[in-house]
Each structure stands twice: as structure tokens, then as C-alpha cells.
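Quick mapping for you: the protein sequence lines, in order, are chains A and B. Just so we're aligned, residue 44 is where the first sequence starts under the working numbering, counting upward by one. Just so we're aligned, residue 7 is where the second sequence starts under the working numbering, counting upward by one. Notes for the one structure printed next.
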Amino acid sequence: DTGVSQDPRHKITKRGQNVTFRCDPISEHNRLYWYRQTLGQGPEFLTYFQNEAQLEKSRLLSDRFSAERPKGSFSTLEIQRTEQGDSAMYLCASSPRPGGEQFFGPGTRLTVL
Amino acid sequence: SQKIEQNSEALNIQEGKTATLTCNYTNYSPAYLQWYRQDPGRGPVFLLLIRENEKEKRKERLKVTFDTTLKQSLFHITASQPADSATYLCALAGDYGQNFVFGPGTRLSVLP
Chain A
44 DTGVSQDPRH
54 KITKRGQNVT
64 FRCDPISEHN
74 RLYWYRQTLG
84 QGPEFLTYFQ
94 NEAQLEKSRL
104 LSDRFSAERP
114 KGSFSTLEIQ
124 RTEQGDSAMY
134 LCASSPRPGG
144 EQFFGPGTRL
154 TVL
Chain B
7 SQKIEQNSEA
17 LNIQEGKTAT
27 LTCNYTNYSP
37 AYLQWYRQDP
47 GRGPVFLLLI
57 RENEKEKRKE
67 RLKVTFDTTL
77 KQSLFHITAS
87 QPADSATYLC
97 ALAGDYGQNF
107 VFGPGTRLSV
117 LP
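Have a look at this one:
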């Protein structure tokens with residue numbers, strides 16, 4: 044399977060803990076996006092990488108959120124000091140070209156107790 | 007601030023009819039407009055892309071139009087089938103295609 048994969052698929056954590064999610068994009072795609080989605084809403088843009096460079100980050104994104112894409116391959120999204128409001132589906136997508144079709148992973152569902 | 011609206015949260019149509027979904031935006035001049043399908047508990051799946059200088063795109067039973075004057079895109083599914091039941095999302099991005107803004111989605115139900 045050469046699609047986008049995400050790990051873990053589900054994460055339950057207690058408020059105040061740190062969590063890290065991983066995304067493995069389609070190998071030949073140099074563009075990678077992270078989104079957050081809550082029930083009944085569309086995905087909300089979090090950040091964008093072109094190769095290893097983080098070129099855009101949502102202004103709404105708290106400084107508790109950080110993302111990396113070392114070597115321009117897989118990416119990680121870390122949330123520090125989680126809050127109940129962080130509970131959501133975290134989606135990763137990759138794309139082969141600017142503005143091009145995005146291929147989404149299955150998502151990581153985070154529940155903060 | 008940028009705002010995207012999609013017609014009604016839910017749309018019910020009879021099998022075989024044409025479903026028309028609307029995406030309206032304000033305070034935005036997108037260069038790219040995309041439509042996605044999302045099933046419950048799964049990531050969105052890309053359907054169609056249309057650029058600002060294009061008026062219409064088609065793919066099998068799907069058609070999308072893009073009117074930059076009206077700031078609106080219409081998404082049509084002809085000869086709809088129960089398997090087309092899903093949430094449909096529109097997404098817009100500017101010149102560099104780096105920051106996509108998604109609408110809230112329309113939940114389509116095709117009744118047999």
C-alpha cells in the first residue's frame with residue numbers, strides 16, 4: 044500500500060500530557076499538510092511543509108503545537124500540555140504539486156480526558 | 007476574515023436525480039478550488055480540482071463550475087446512487103497552494 048499512513052490511529056491521554064503523532068506521506072510527494080477536524084466541521088489547516096521546510100503555519104495554532112519533517116520524508120506533530128479542547132481528528136495529507144490534489148491519511152483520533 | 011459556506015448541512019435526493027452542492031466564499035481570491043468526499047471516520051478523498059481561470063471541469067458523473075465573479079463553485083453529481091451518500095467538502099487555496107481552507111461540508115444522502 045503506497046498511500047499516506049498515520050500512527051497511532053487512536054490516542055487517549057490525560058490533560059497536561061504531551062502527545063506525538065507520525066505521518067508517512069506518499070514517497071514521491073514533497074508537500075505535506077497537517078489538519079485538525081472536529082465533528083461536523085471541515086478540516087482546519089495547521090501547517091504545511093515543502094520538503095523539510097515548514098513554509099506555513101496557522102496563526103490560530105497555539106505554541107503548544109509543533110511539527111517537524113526531518114529529511115523531507117515522514118513528519119511528526121507534537122502537542123504539549125494537552126487540553127480537552129485538543130480532542131479532535133488529526134489528519135495528514137501529501138501532494139505532488141502546489142495546489143494539487145491532496146492524498147489524506149486515515150487520521151489520528153485524539154481524546155484528552 | 008476568509009469565510010466559506012456550503013449549502014445546507016444536509017441534502018437528501020432521490021436516486022437517479024442530479025445532486026447540486028454549493029460552495030460560496032467571501033474575503034478570498036482563490037487560485038485553486040478542490041472538492042473532496044469524506045465518509046464517516048475516514049480521511050477526505052480528492053474528487054476534482056478547478057483553477058481560477060477555468061469555468062468548468064468534468065469527471066465521469068461529476069461536474070464542477072467555478073464563478074469568480076459570484077465567488078461560488080457548484081458541484082454536480084448526475085444519476086446519483088446510494089453509494090454517493092457521504093459528506094462533500096470544498097477547499098480553497100491561494101496562488102502558492104500552501105494553505106487550504108475547507109468549508110464545513112454538506113452531508114448528501116441519496117435515497118433508493
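Note that CB positions come from ideal geometry on N, CA and C, so glycine has one too.
- Contact with chain B is absent for A:F108, since none of that chain's Cβ atoms lies less than 8 Å from the residue's Cβ.
- The three-state secondary structure of B:A89, taken from DSSP, is helix.
- Nearest neighbour of B:K65 by Cα position, chosen from B:T84, B:K77 and B:D101, turns out to be B:T84.
- By the neighbour-count criterion, in which 16 or more other beta carbons inside 10 Å mark a residue as buried, B:A92 falls on the buried side.
- Rounded to whole angstroms, B:E60 and B:F72 show a C-alpha spacing of 7 Å.
- In this structure, the beta-carbon distance from B:L39 to B:L98 falls below 8 Å.
- About 12 Å separates the CB atoms of B:G109 and B:Q44; that is not less than 8 Å, and the two are not in contact.
- By the criterion of a C-beta distance shorter than 6 Å, B:L17 is surrounded in its chain by T112 and L114, once the five residues flanking it on both sides are discounted.
- For A:F117, there are no neighbours in chain B by C-beta distance under 8 Å, as the nearest C-beta there is about 17 Å away.
- Considering only beta carbons, no part of the region 62-75 of chain B lies closer than 7 Å to chain A.
- Using beta-carbon distances, B:V116 does not count as an interface residue toward chain A, since no partner is under 8 Å.
- Per the Cβ contact rule, the region 26-33 of chain B is not in contact with the region 62-77 of chain A (fewer than 3 Cβ pairs under 8 Å).
- Using beta-carbon distances, A:L98 counts as an interface residue toward chain B, with a partner under 8 Å.
- Under the DSSP assignment, A:H53 falls in the beta strand (DSSP E) whose first and last residues are H53 to T56.
- The continuous beta strand (DSSP E) containing A:E99 extends over residues A96 to K100.
- Contact annotation for A:E144 against chain B: Q40, F52 and L55 [CB-CB distance below 8 Å, chain order].
- When DSSP states are grouped into helix, strand and coil, B:Q78 belongs to the strand group.
- The beta carbon of A:L75 does not come within 8 Å of any beta carbon belonging to chain B, so the residue lies off that interface.
- Under the three-state reduction of DSSP, B:D45 is assigned to coil, being neither helix nor strand.
- B:Y31 is outside the set of residues whose beta carbon lies under 8 Å from a beta carbon in chain A.
- Identification of residues in the region 90-113 of chain B having a C-beta nearer than 7 Å to some C-beta of chain A yields L95, A99, Y102, G103, Q104, N105, F106, V107, F108, G109, P110 and G111, given in sequence order.
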